[in-house]
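**Q**
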Amino acid sequence: MALSSGRNRGRALARLTTAAIAAALVGTTAGTAMADENPAPLAGVKAAPKSAAARASAPVFPLLAVTKAGDFYAYSPNGRGGLESKKIGGDFWAERINTAFYVDNNKDGVADGMYGRHTNGTLTFADFAKGERKIGGGWNQFNLLLAPGNLAGTKQSDILARNKSGVLYLYVAKSNGTLNAKKKVGSGWGQYTQIAGQGDLSGDGRADIVARDKAGVLWLYKGTGDADKPFAKRLKVGGGWNGYNRILSSGDVDLDGRSDLVARDKSGNAWLFKGTGKASAPFKAKKKVGSGWGKYTLIFS
């Protein structure tokens, strides 16, 4: 992605955040699917062949941050390798939402929808062009939800969900934001205190994730594009990551076409780890992109 087009996308995202964020997370409509049930497939929606290659762009999403008082802020790329913030306002966040994340289902690099988990365990999906629908209840059984991109070979961004026993599941998304029946990725994922990812980190065009274990070691899980086995064997990135209490990705922050990582340290400083596109060393040296982030009780993208 060229830098000039990235800047244009950054400006578009700022407008998108202001205009669409409230609609994305307030209210529900009919059509439910419980998290612990197998959602029935919708007519006309077919899964991609198992051999289909999952390709991941480097989307440019804003980071959203919420204070204890319920005020929320949007951080968007500033075109200079950093982030600029804008207070959006609104005190309903802390009361209604405990997890949310953007998706780019048409793969143009800009968020076109958002999933939000309400405090009562209901998951909703807001299509910014078509409105919101209720996915289902029971989602508070999961202590981690993440949409790192296309993991299964279809076009849509899929959801990873980890339960309190450390079992990780994959929900393959459909074109309308509803979800196929969950697939078990594996157990033992409770060893990780942070899991993050948005797009391709290894340069092969597939969505990847990173996971930090309790010893502070960060691991890279390369995506395979296979819903039955979405990740290859983990690769060690490095140690010393326990200095951060929040690790996440909003995609491409510095607008070089590669997915990056953002981490907040215990002093409230925000650091950018620019992606390299190389699995052997996926990130460059950290760069400070903010301070005062300790006031946020929730940060997501």
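FYI, my numbering numbers position 215 of the sequence shown as 281, with every residue one higher than the one before it.
Here a beta-carbon is modelled for each residue, glycine too, at the ideal position from N, C-alpha and C.
Here the structure is a predicted model, which is why all the values come from computation and not from measurement.
(1) Looking at the structure shown, is A162 part of a helix, part of a strand, or coil, going by DSSP?
(2) Could you spell out the range, first to last residue, of the beta strand (DSSP E) harbouring V276?
(3) One question on the structure: do Y223 and G215 come within less than 9 Å of each other, judged by their Cβ atoms?
(4) How is K221 classed by DSSP in three states: helix, strand or coil?
(5) Reducing DSSP to helix, strand and coil, say where G136 ends up.
(6) Looking at C-alpha atoms only, which residue of G263, S367 and N335 is the closest neighbour of G341?
(7) Once the 5 residues before and after A239 are set aside, which same chain residues still bring their CB inside 7 Å of it?
(8) Let me know the secondary structure DSSP gives N206 once reduced to three states.
(9) Hey, how far is the Cα of A195 from the Cα of K248?
(10) Helix, strand or coil for F366 per DSSP?
(11) Could you give the distance in angstroms between the alpha-carbon of L286 and the alpha-carbon of G323?
(12) Tell me which residues share the same chain as S268 and place their Cβ nearer than 6 Å to its Cβ, disregarding the 5 neighbours each side in the sequence.
(13) Just to confirm, are S325 and F167 a CB contact at a threshold of 9 Å?
(14) What did DSSP end up calling Q257 once you bin it into helix, strand or coil?
(15) When you compare each of G360, K299 and S142 to I368 by their alpha carbons, which one comes out closest?
(16) Identify the residues that DSSP records as bridge partners of K344: which are they?
(17) Apart from the five residues on each side of it in sequence, which residues of its chain come closer than 7 Å, Cβ to Cβ, to K250?
(18) In whole angstroms, give me the CA-to-CA distance for R272 and G291.
(19) By the DSSP assignment, the beta strand (DSSP E) with N311 in it spans what residues?
(20) Is it the case that the Cβ atoms of K280 and T259 are separated by a distance below 9 Å?
(21) Please return the same chain residues whose Cβ sits closer than 7 Å to the Cβ of G265, not counting the five positions on each side in sequence.
(22) Could you tell me the boundaries of the beta strand (DSSP E) in which W285 lies?
(23) Indicate the three-state DSSP secondary structure (helix, strand or coil) for K196 in the structure shown.
(24) If we count the other Cβ atoms within 10 Å of its Cβ and call it buried at 16 or more, is D170 buried or exposed?
(25) Quick one: measure Cβ to Cβ for W255 and G282, integer angstroms, because I've assumed they're closer than 8 Å.
(26) Under a Cβ-count criterion, where at least 16 other Cβ atoms within 10 Å of its own Cβ denotes burial, should A120 be classed as buried or exposed?
(27) Give the C-beta separation of W359 and G334 to the nearest angstrom, bearing in mind that I take them to be a contact with Cβ-Cβ under 8 Å.
(28) Excluding sequence positions up to five away, which residues of its chain have a Cβ less than 7 Å from the Cβ of R228?
(29) Quick one: residues in its chain with C-beta nearer than 6 Å to the C-beta of T165, no 5 flanking neighbours on either side, listed in chain order?
(30) Buried or exposed: G356, going by 16 or more other Cβ atoms within 10 Å of its Cβ?
**A** The short version:
(1) Rather than Ala, the amino acid found at residue 162 in this sequence is Arg. DSSP places R162 within a helical segment (H, G or I) once states are collapsed to three.
(2) Taken as a continuous stretch (DSSP letters only), the beta strand (DSSP E) holding V276 covers I275 to D279.
(3) In the sequence as displayed, the identity of residue 223 is Ser instead of Tyr. Yes, they are a contact pair.
(4) In this structure, K221 counts as coil in the three-state DSSP scheme.
(5) The answer is coil: DSSP assigns G136 none of H, G, I, E or B.
(6) Relative to G341, the option among G263, S367 and N335 whose CA is nearest is G263.
(7) Same-chain partners within the cutoff: Q222, S223, D224, I225 and L245.
(8) In the three-state reduction of the DSSP assignment, N206 falls in the helix class.
(9) A195 and K248: Cα-Cα distance of roughly 26 Å.
(10) Reduced to three states, the DSSP call for F366 is strand.
(11) Per the coordinates, the alpha-carbon of L286 lies some 19 Å from the alpha-carbon of G323.
(12) In chain order, D274, K288 and A345 place their CB closer than 6 Å to the CB of S268, counting only its own chain and leaving out the 5 sequence neighbours on each side.
(13) For S325 and F167, no; Cβs fall outside 9 Å.
(14) Three-state result, Q257: helix.
(15) As displayed, the chain neither begins before 67 nor continues past 367, which places residue 368 out of reach and without an answer.
(16) Looking at the DSSP assignment, K344 forms no beta bridge with any residue, so it has no partner.
(17) These residues qualify, in order along the chain: V233 and Y235.
(18) In this structure, the alpha-carbon of R272 lies about 7 Å from that of G291.
(19) Segment Y310 to G317, the beta strand (DSSP E) holding N311.
(20) Cβ atoms of K280 and T259: closer than 9 Å.
(21) Cβ neighbours of G265 beyond the five flanking positions: A122, S123, A124, P125, G215, A273, G317 and S325.
(22) Unbroken beta strand (DSSP E) run through W285: L284 to Y287.
(23) Per DSSP, reduced to three states, the secondary structure at K196 is coil, with no helix or strand assignment.
(24) The residue in question, D170, is buried, as its Cβ has 16 or more Cβ neighbours within 10 Å.
(25) Not confirmed; about 17 Å, so no contact.
(26) Confidence in A120 is poor, its pLDDT being 38 and thus under 50, which makes the residue's placement unreliable; the coordinate value appears in the next sentence. A120 should be labelled buried.
(27) The pair is a contact, with the Cβ atoms about 5 Å apart (cut-off 8 Å).
(28) Only F208, N209, L210, L234 and W255 meet the Cβ criterion.
(29) These residues qualify, in order along the chain: R183 and L211.
(30) Sixteen is the threshold: when 16 or more other Cβ atoms of the shown chains lie within 10 Å of the Cβ of G356, as they do, the residue is buried.
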